[in-house]
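Each remark here refers to the structure printed beneath this line.
Residue numbers (the numbering used here), protein chains in the order written: chain G, 17 to 398; chain C, 22 to 236.
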């Protein structure tokens, strides 16, 4: 098959997944205190835009940021990433991603880069690991240099908290340039290699999101022997499509994309196409009341562990179709109430009673009219 | 005493024995006449080779809600009827779990929907898939969209754990203010699409994260 036909076939195969895709679009406008290598702006205006289009097998993301200082100087950067994924089967998923980026400052030539990354993800939304490798190129003023990155890491989600860790090793060229009188632009690239260790934490609680990331870089050749970075970001969705974003931090130079080292503190307003849970939304946030989760302690036929999280003084009971609608008491273990019981796979109806009060549906489960003026929770047991 | 009168008594004795064995099958609050009628429904259900737990369970629940005797019996009869319809819709080889799930689903969807699910997954259990269908429809996702989603997940051979999580995730999103069909798209994408948490972890390896987040 000829090249264009092959490409058309790939895109045709992706159309069904893209048709069911999600589009996210947002724009930021804000003010920042910024200190960046080669850029003297301190009080600056920032404007950014972000587009993310994700389907089951493919995603396309693009973001851009402009920084404008009082003296008219500025910087601009943009990145476009496209990724293909293996079909979701519950097992490992490969990802092939290509990205192109550019960074430019006033009165200077732009730096461009491109990378092809191959990764394998093993896990699900709750936990997992990944490993991969990337090869790319970095260029300025008609010269280009290669870049190579090996990477691995993992993630763990516990309720609203997400923990991330990643390790990467990079080998490329460190570009330095200057405008020399009577000669013009002079640039030099020296070999650079280093290892980055990164950690991150994010709490996503309805209208509020907090994120803290940080890391350390150990230079092997051409960069500082030891350096660190960190950032903290808080996002508050005031209304469903408008958020206030505060962020501050220090970023090390992204050598493979030619983005210099930066310190920053910024406050911006974000406008998004997609609705978010917001502070004024009365339905946002976690509803108060019992939350019920089910875990399995083993294979098929093993008892299921029912956990109810609720503020209760002395007694938590459930009744369900699998208890023949007879109340069953849960045992308290710390802040959680627990019952182990064999439950068949499939749909089940369940209600919870706290301290002898009314029977009610757990707030985290879909609920249904019980036919007698009340509600029961609906749970699907895998 | 003829055989017709003997059957309900035998079934009642069976239930009582079963109740003793499982300490949970006695139908509290049902009078003798109601109990006899329920016993007949249970006997018929047993003769037809259908699971009896949903019949007894629905009667039990109605009694628990202090429903009058006739309504308790109606609950049992309705459950039995749905079990039979579900078995037909999920033929030729439904498991008892499939039949129970299908009977529950018939409170929300048609037999044709169950038939299409069976056709998509002809020789394997579908109880968990039907459980997801019930959860989606009960959260006001349209029946068409819910069925399409379940059929798509069958086609993708999605794991039971993913199916079980999806209904809860959609419900959470709806409670946060999202429209039901939008919430389904969002949750489906989060489960089937790029792993958001994994991608976030991988993004950590880019010291230049998307520039909007870092001037």
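The beta carbon of each residue, even a glycine, is placed where N, CA and C say it ideally should be.
At least one beta carbon of chain G lies nearer than 9 Å to the beta carbon of residue 125 of chain C.
In terms of beta-carbon proximity, residue 294 of chain G lines the interface with chain C, with at least one pair separated by less than 9 Å.
Sequence-ordered contacts of the region 65-77 of chain C with chain G read 74, 75 and 77 [C-beta pairs closer than 9 Å]. The C-alpha of residue 284 of chain G is placed about 8 Å away from the C-alpha of residue 259 of chain G. Here residue 202 of chain G carries a strand assignment [DSSP, helix/strand/coil]. Contact of residue 163 of chain C with chain G is not assigned, every C-beta pair being separated by 9 Å or more. Residues of the region 185-202 of chain C with a C-beta less than 7 Å from any C-beta of chain G: 185, 188, 189, 192, 193, 196, 197, 198 and 199, listed in chain order.
Contact note: residue 103 of chain C does not reach chain G at a C-beta cutoff of 9 Å; the least C-beta distance is about 13 Å. One alpha carbon belongs to residue 154 of chain G, the other to residue 160 of chain G, and they sit about 5 Å apart. The region 51-133 of chain G is shown to contain whole beta strand (DSSP E) runs of 3 or more residues at 59-70, 74-85, 90-101 and 109-121, in chain order. Only residues of its own chain outside the window of five on either side were considered, and among them 333 and 335 have a CB closer than 6 Å to the CB of residue 343 of chain G, listed in chain order.
With fewer than 16 other Cβ atoms from the protein chains shown falling within 10 Å of its own Cβ, residue 289 of chain G counts as exposed.
Taking 9 Å as the Cβ-Cβ cut-off, the region 203-225 of chain C approaches chain G at 203, 206, 207, 209, 210, 211, 212, 213, 214, 215, 216, 217, 218, 219, 220, 221, 222, 223, 224 and 225, given in chain order.
Listed along chain C, the residues sitting closer than 7 Å to residue 394 of chain G by beta-carbon distance are 155, 156 and 159. For residue 255 of chain G, the uninterrupted beta strand (DSSP E) segment begins and ends at 242-255. Annotated three-state conformation of residue 162 of chain G is strand, per DSSP.
Neighbours of residue 136 of chain C in chain G, taken as residues at a C-beta separation under 7 Å, are lacking, since the least C-beta distance is about 18 Å. Collapsing the DSSP output to three states places residue 363 of chain G in a strand. By the CB criterion at 9 Å, residue 48 of chain C and residue 80 of chain C fall inside the cutoff.
Nearest C-alpha to residue 88 of chain C among C/52, C/154, C/194 and C/165: C/52. Taking all protein chains in view, the Cβ of residue 73 of chain G is crowded by 16 or more other Cβ atoms within 10 Å, so the residue is classified as buried. Counting the other CB atoms within 10 Å of its CB gives residue 76 of chain C a total of 16 or more, which places it among the buried residues. Across the set G/207, G/209, G/189 and G/231, the C-alpha of G/231 shows the shortest separation from the C-alpha of residue 217 of chain G. Around the beta carbon of residue 86 of chain G, fewer than 16 other beta carbons lie within 10 angstroms, which makes this residue exposed. Short of 7 Å from the beta carbon of residue 105 of chain C, and not among the five residues preceding or following it, lie these beta carbons of its own chain, in chain order: 69 and 71. Taking 9 Å as the cut-off, the beta carbon of residue 192 of chain G is found closer than this to the beta carbon of residue 206 of chain G. Annotation for residue 158 of chain C: the continuous alpha helix (DSSP H) segment containing it runs 148-159. Of all residues in the region 107-125 of chain C, only 118, 121, 122 and 125 place a beta-carbon less than 7 Å from a beta-carbon of chain G.
Collapsing the DSSP output to three states places residue 208 of chain C in a helix. The three-state reading of DSSP puts residue 201 of chain C in helix, counting H, G and I together. Against chain G, the CB of residue 132 of chain C has no partner CB under 9 Å away; the residue lies outside that interface. For residue 234 of chain G, the nearest beta carbon of chain C is not closer than 9 Å to its own beta carbon. Take the alpha-carbon of residue 211 of chain C and the one of residue 308 of chain G: they are about 22 Å apart. For residue 391 of chain G, the enclosing beta strand (DSSP E) begins and ends at 391-397. Separation of residue 365 of chain G and residue 112 of chain C (C-alpha to C-alpha, rounded to the nearest whole angstrom) is 25 Å. Rounded to whole angstroms, the separation of the alpha carbons of residue 273 of chain G and residue 199 of chain G is 26 Å.
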